[in-house]
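One structure below.
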Amino acid sequence: MNFLKRTIPLIIAFVMGILMAMQYYVPHKLSQDLLEVVSKWDRIIAGFAVFIGAYSLLHLHWTRIKRKVEGWGYSVFVYFGAIITLFFGFLNGGKFFWNDKQEGTMFDWLYYYIQVPAGATIFSILAFFIASAAYRTFRARTNESTVLLIAAVIVMLGRVPIGNYISQYIPAVADWIMAVPNLAAKRGILLGVSLGAIATSLKIIFGIERSYLGGGD
Amino acid sequence: MKTFVVKIKFFTAVIILFLPFFLNTGIFAQLPSFLIPPAEFRAFDTPNDAGETISLTWSISPNDAPDVFYVVYIDRDKNGDFEKEAIRIKSNTSYRTGVPEIYGHKKSNENYHYVQIFPRKVFNGEPIDKRQVYYFKLGMVSGENKIVFDTVASAKARGNWLHMKKANNFIIMIILSVIIFYFIVHARRNPNMFLRKISGLDAVDEALGRATEMGKPVLFVHGLTGMGSISTIAAISILGRIARKIADYDANLKVVNNDPIVMSVSQEVVKESYLEAGRPDAYNSDNVFLVASEQFPYVAAVGGIMTRERPAANFFVGYFYAEALILAETGASTGAIQIAGTDAYTQLPFFITTCDYTLIGEELYAASAYLSREPMLMGTLRAQDVGKGLLIVILILGTILASFGLTFITHLFEAF
């Protein structure tokens, strides 16, 4: 059992890790074909995983309805949404699901007129959250937050016409803040991230890091 | 003899007299006289490719202008009619400067045009032998005037086994790998290695303890990327460590996913952690679940869980996009202790603003080693620090040299 749960996955991680790392340096068609095959496997696995995800979602909400836990009405709504979407998806505008997907069907309507606006609504909340987060950050209680406040005010003013109206130097200073200290910090973070990613990849390829298999070592 | 000389003079005079007429009627020159052909026209197999393209280069012409076009004709036979047009470009575009991976950064690159041809695309659908040699002719078009030069260039497209321009990347990878392995071996011999304090990770116990005392769940969110992302793998490693502690504390862990594969892996990781802690009975697979596979439905669902169940601790670990602030701000409004860790630098300010502790960039990758305190894993942290030191030295050296106009070190690290 340990062989199946530990050794085999570690061998797969090692072989595929080395193979795909080397693939990056080999431009030959065979190498490109290998990448394509592996990408196809990835897509196939992801396709099957959708069923696992759907099962998890529906099972969880069914349990909530069955046990009448607090807020179980939302779970009924999940089922309602899933059944309606599946029904119109299978119906496929009267051509049924075994034919190519039809355009302008009720399924599309559900997507364009319910899911997209609902997503946009959630996204638009971000503006209010930015305002509340900015208020909390810019209260200038420490030296760092004071520096942050000053930099933020300059950058914000530099990005709108009124900044230039107040002083022509404000947009220039805003550009300098973005192009020099901000970019330097960003690159510093990226260098650290890249090294961390390389180290993590090597740890996984060589089986040093195994916690992703579960149970620590 | 005298008669012969007179005849020669007569014919010469006739030729000079009618020369403009011959030129204009195209008997001598069938081409517009103002289109001057490029001096060099050359074809070659594109280096470091899969064997699908052929490169063509030719020197600039004094006629290059936005309304003058270069046309490359292709044929599979040297003596063919060259009727197939492989590519057409404006004559003031496509220079060698656009392909530093082939020609480097020489000033003279501005004096040459460069194009890549995909012969198989041009002969779309036609059966072509792998060893086919392709022949090319260059033409120029200006308005109604068209000229096709006689020079024929030929080349065969071949696949390459090594991308020589990625050698710099390969060497850097080898050097960093050697450093990492050296410190892993070193750490096995010296297990008591010093590690700088990461307060975000020290606070994990505090957060879990608080959740245990309050009898409220711990919420773990691992971003939007799939298992192919190294950030998600790092997040899963951290989840394993946290799940082990939660099993020990007998607290309640909820893991919300937006990717079915990540969910399956998370379920296994959490289950194994509970098993390892000797608490398999405490594991509930319904606590590691899929909430939604789309970004904003996911945000709405997780936000709902936060406001309804009011977890005592929220962990946001992995790669995040626009949902970062919405999630973290919702969590802050519920009064939960929040620990975030991400390598998405665009979202870092939001997490720093709204969370109690934030793991910045590389600290995300250090977390698993830091929490486990295993010598071999800790060795990689020291290697990362040494790697950073090395990069800082190279950066300083490169900056100094570039300040004096020596840019070779910059080009040495160029990525292709």
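Protein chains in written order, with my numbering: chain A, 1 to 217; chain B, 1001 to 1416.
Glycine included, C-beta positions come from ideal geometry on N, C-alpha and C.
Gln-1338 of chain B counts as buried, since no fewer than 16 other beta carbons sit within 10 angstroms of its beta carbon. Residue-level contact by beta carbon fails for Ile-162 of chain A and chain B, as no gap is shorter than 8 Å. Between Thr-63 of chain A and chain B, the shortest Cβ-Cβ separation is below 8 Å.
Chain order gives the chain A residues near Trp-1161 of chain B as Val-26, His-28, where near means a beta carbon separation below 7 Å.
Contact check for Ala-1039 of chain B and Ser-1059 of chain B: beta-carbon distance about 5 Å, within the 8 Å limit, so the pair qualifies. Beta-bridge partners assigned by DSSP to Ser-56 of chain A: none are found. Counting along the chain, Lys-1156 of chain B sits inside the beta strand (DSSP E) bounded by residues 1145 to 1156. Around the beta-carbon of Tyr-1283 of chain B, 16 or more other beta-carbon atoms lie within 10 Å, marking it buried.
Note: Leu-1138 of chain B is bridge-paired with B:Val-1072 in the DSSP secondary-structure output.
With its beta carbon at least 8 Å from every one in chain B, Tyr-79 of chain A lies outside the interface. The three-state secondary structure of Trp-72 of chain A, taken from DSSP, is helix.
Along the region 184 to 195 of chain A, the positions whose C-beta sits under 8 Å from a C-beta of chain B are Lys-186, Ile-189, Leu-190, Leu-191, Gly-192, Val-193, Leu-195, read in chain order.
Within the region 1204 to 1222 of chain B, contact with chain A at the beta-carbon level (separation under 8 Å) is assigned to no residue. The Cβ-Cβ distance between Ser-201 of chain A and Ser-1368 of chain B does not fall below 8 Å. One Cα belongs to Thr-1212 of chain B, the other to Gly-1341 of chain B, and the distance between them is close to 22 Å.
Of the candidates B:Tyr-1103, B:Ser-1273, B:Val-1178, B:Gln-1116, the residue whose Cα lies closest to the Cα of Lys-1156 of chain B is B:Gln-1116. Residue environment: Thr-1410 of chain B is assigned as exposed (fewer than 16 neighbouring CB atoms within 10 Å of its CB, all protein chains considered).
Per DSSP, Ile-1054 of chain B lies in no alpha helix (DSSP H) segment; the continuous beta strand (DSSP E) that holds it begins and ends at 1054 to 1059. For Asp-1259 of chain B, same chain residues with a beta-carbon under 6 Å away, outside a window of 5 residues either side, are Gly-1226 in chain order. Taking one beta carbon from each stretch, the region 1342 to 1349 of chain B and the region 1309 to 1327 of chain B have 3 or more pairs nearer than 8 Å; the two touch. Only Arg-136, Thr-137 from the region 134 to 149 of chain A bring a Cβ to less than 7 Å from some Cβ of chain B. Proximity of Lys-95 of chain A to chain B, defined by a Cβ-Cβ separation below 8 Å, is not satisfied.
Within the same chain, His-61 come within 6 Å of Val-78 of chain A by CB-CB distance, once the 5 residues on both sides are set aside. Cβ-Cβ separation between Phe-1069 of chain B and Ile-1089 of chain B: approximately 7 Å, consistent with a contact (criterion under 8 Å). Glu-1083 of chain B sits in coil when the DSSP states are folded into three classes, being neither helix nor strand. Cβ contact annotation for Trp-176 of chain A (same chain, cutoff 8 Å, sequence separation greater than five): none.
Taking the Cα positions, Trp-109 of chain A is about 32 Å away from Val-1255 of chain B. Val-1115 of chain B is bridged by DSSP to B:Leu-1056. Contact check between the region 148 to 157 of chain A and the region 1323 to 1336 of chain B: fewer than three CB pairs, one atom from each, fall below 8 Å, which does not count as touching.
With respect to chain A, the C-beta atom of Val-1265 of chain B has a partner C-beta closer than 8 Å. Membership of Gln-115 of chain A in any alpha helix (DSSP H) is not indicated, and neither H nor E is assigned to it by DSSP.
Within 7 Å of the CB of Phe-123 of chain A, the CB atoms of chain B belong to Phe-1296, Ala-1322, in sequence order along the chain. Annotation for Asp-1248 of chain B: the continuous alpha helix (DSSP H) segment containing it runs 1230 to 1249. According to the DSSP assignment, Val-1302 of chain B belongs to the alpha helix (DSSP H) that extends over 1295 to 1309. Counted as a single uninterrupted DSSP element, the beta strand (DSSP E) harbouring Tyr-1357 of chain B occupies residues 1357 to 1360. Distance between Ala-131 of chain A and Thr-1353 of chain B, taken at the CA atoms: about 12 Å.
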